[in-house]
Structure formats: C-alpha cells, structure tokens
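Note that our numbering has the sequence shown beginning at 19, numbered continuously upward.
For glycine and all other residues, C-beta sits at the position ideal for the given N, C-alpha and C.
Comments concern the structure below.
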Amino acid sequence: MAKMTKEDAKRIQSTQASKGRNTGKGSFSARAQSAADRNTGKKGGGK
Numbered sequence: 019m020a021k022m023t024k025e026d027a028k029r030i031q032s033t034q035a036s037k038g039r040n041t042g043k044g045s046f047s048a049r050a051q052s053a054a055d056r057n058t059g060k061k062g063g064g065k
C-alpha cells in the first residue's frame, strides 16, 4: 500500500474545501494530513 504524501494530503484538503466539506479536526482531510506528517517524520500541531 502506498503511503500518504504531503502532496496527497494537499490535494485531498483542496478538494474537500472546494466542495464545502469539513476540513477541521477529525475530518478526512485532517486525518490525511496527519498520516502525511507521520510518513515524513514531521510532528503535528494543527489547530
């Protein structure tokens, strides 16, 4: 299985936001960002 990248997370967040969907804490795009952070060794923080 391919790992989530920052580019993947960015694309997901952009698509979700353009459709008016939730992009806040606990949303699919937030989970994608978290996975990308884990895969690149970056610490989260977010809002």
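Between residue 57 and residue 23, the gap from beta carbon to beta carbon is short of 8 angstroms. Shown here, residue 35 sits in a helix according to DSSP, grouped into three states. Annotated three-state conformation of residue 60 is coil, per DSSP.
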